[in-house]
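Numbering (our numbering), first residue to last: 18 to 435.
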């Protein structure tokens with residue numbers, strides 16, 4: 018029995034292992050198949066196509082709107098701009114694109130793209146254009162207005178400012194920071210819009226063979242990918258198409274003012290192909306999650322609250338400082354007032370003392386005058402008495418005796434006065 022049980026257990030184990038291997042192998046084959054299909058799709062997106070200078074149509078592909086919308090609803094994270102626009106139309110909205118131009122010759126692109134979209138089934142689509150020619154990323158942040166989001170476009174295509182920032186000697190770090198700030202500004206301005214950066218070939222032909230520019234361009238591309246933004250690498254695809262074209266070459270694609278008409282049409286053809294076929298992430302945008310906007314708004318609100326708290330604290334500190342300063346000033350004024358009162362009291366005392374001293378001086382003078390007057394009166398009365406005293410006549414022989422008596426009398430009066 019034990020042997021049979023062990024054999025049965027062993028058979029079950031072997032069967033389990035075989036089934037597991039089959040499942041693992043099948044899963045791997047399915048995964049590889051999907052990977053190959055995805056790679057094939059991506060390759061077809063960026064592969065070279067024959068240059069069709071009738072740019073009203075970038076290809077002869079026909080699209081089934083229902084299939085595109087169904088695929089879009091199943092996975093918004095891996096879709097195309099065209100599928101996104103068909104979804105918008107399916108929601109009974111007017112599919113609208115706003116294209117920010119940064120090069121001469123792009124003025125006619127809006128009409129051509131609109132015609133192509135109508136051909137593939139977006140019959141009510143609209144394409145608008147705004148002029149950002151010659152502006153750097155820093156300029157755009159400083160000059161940003163709501164013109165880009167007028168008409169509530171669901172798709173916005175903006176340049177990556179590679180050539181402009183390189184010529185303005187904007188560092189790679191500042192370039193990345195500016196792109197992020199601009200992106201966030203647009204997202205907050207119109208959360209329902211999906212944003213795609215596009216890198217175009219440079220207007221300056223010399224930059225096509227400049228290693229520093231090539232490095233800067235790659236750094237910009239890496240920065241956009243690091244930030245998780247949608248990106249159309251028009252430059253790379255255009256260069257590939259141009260190098261395989263007999264009509265457009267590097268040497269004949271430039272004029273003094275920029276690109277030739279043929280080169281410009283080729284570039285437009287590449288852009289249209291990207292709108293139709295390039296894989297993008299439409300998780301955000303029209304009817305999307307838009308969690309990034311919620312996070313940005315929350316950060317702004319938190320910052321505003323912090324600033325408000327800081328302002329209140331500063332106001333409290335200012336009020337406290339003003340109160341302390343006012344109290345100190347009041348104390349100083351009180352001390353000054355007290356000092357003034359003390360000075361007035363001292364002045365009054367000094368004045369009173371001066372008056373007393375003056376009175377005493379006057380009294381002393383009056384006393385001295387009175388004493389002098391008394392002495393004068395005494396002398397006067399003594400003189401009168403002497404003048405009125407009777408003196409008997411004497412003989413001449415007795416004159417000397419009389420003189421002696423008078424001298425004796427005068428000496429006696431002086432003695433009395435003393």
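We put the beta carbon where it would ideally sit given N, CA and C, even for glycine.
Asked                                                                                                                                                                 : Found
Here's a check: name, in chain order, each residue in its chain whose Cβ is nearer than 7 Å to the Cβ of residue 122, leaving out the five neighbours to either side. : 275, 276, 281
I'd like the ranges of any alpha helix (DSSP H) spanning at least 4 consecutive residues and lying wholly in the region 266 to 294.                                   : 278 to 294
Is it a yes or a no for the region 309 to 319 touching the region 257 to 266, going by three-plus beta-carbon pairs under 8 Å?                                        : no
I need the boundaries of the alpha helix (DSSP H) containing residue 107, first residue and last residue.                                                             : 98 to 107
Closer than 8 Å by C-beta to residue 152: which residues in its own chain qualify, once you throw out the five before and the five after it? Chain order, please.     : 119, 160, 178, 181
Less than 9 Å separating the beta-carbons of residue 172 and residue 211?                                                                                             : yes
Going by C-alpha distance, which of 290, 141, 129, 33 is nearest residue 107?                                                                                         : 141
Count the other CB atoms within 10 Å of the CB of residue 303; is the residue buried (16 or more) or exposed (fewer)?                                                 : buried
Does DSSP classify residue 185 as helix, strand or coil?                                                                                                              : coil
Classify residue 176 as helix, strand or coil using the three-state DSSP reduction.                                                                                   : strand
I need the straight-line Cα distance from residue 36 to residue 89, nearest angstrom please.                                                                          : 35 Å
What would DSSP say about residue 235, mapped onto helix, strand or coil?                                                                                             : helix
Restricting to Cα atoms, I'd like to know which of 296, 269, 320, 374 is closest to residue 85.                                                                       : 296
Relative to the alpha-carbon of residue 143, which residue among 194, 94, 136, 131 has its alpha-carbon at the smallest distance?                                     : 131
What does residue 116 pair with, by DSSP beta-bridge criteria?                                                                                                        : 146, 174
Out of 284, 208, 189, which has the shortest C-alpha to C-alpha gap to residue 219?                                                                                   : 284
With DSSP as the reference, please indicate the residues paired to residue 247 in a beta bridge.                                                                      : 213
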